[in-house]
């Protein structure tokens with residue numbers, strides 16, 4: 047299976063840009079691994095405002111929220127936030 051394409055919401059891009067180099071590396075490794083295995087679940091699941099299941103994976107000090115669009119073979123990263131649970 048070829049890797050899924052990755053799409054990031056603008057706010058997620060901005061949050062990733064603000065990370066330290068080592069944090070960016072860990073986050074990049076995770077994103078690459080998810081593109082290669084898009085069916086793997088995150089650490090937990092939340093529902094968005096439309097009822098869609100959003101996977102959340104804690105990577106270091108941060109949590110990355112995403113969903114896999116299997117119909118078009120894309121991972122959609124919607125949010126990056128500190129893993130302390132504060133929004």
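Residue numbers (this note's numbering): 47 to 133. The beta-carbon is built from N, C-alpha and C at its ideal position, and this holds for glycine as well.
- Looking only at 47, 83, 64, 48, the smallest Cα-Cα distance to residue 127 is reached by 64.
- About 11 angstroms separates the Cβ atoms of residue 72 and residue 104, ruling out a contact at the 8 angstroms cut-off.
- DSSP places residue 119 outside any alpha helix (DSSP H), giving it a letter other than H or E.
- The alpha-carbon of residue 112 is positioned some 10 angstroms away from that of residue 77.
- Boundaries of the beta strand (DSSP E) around residue 51: 51-54.
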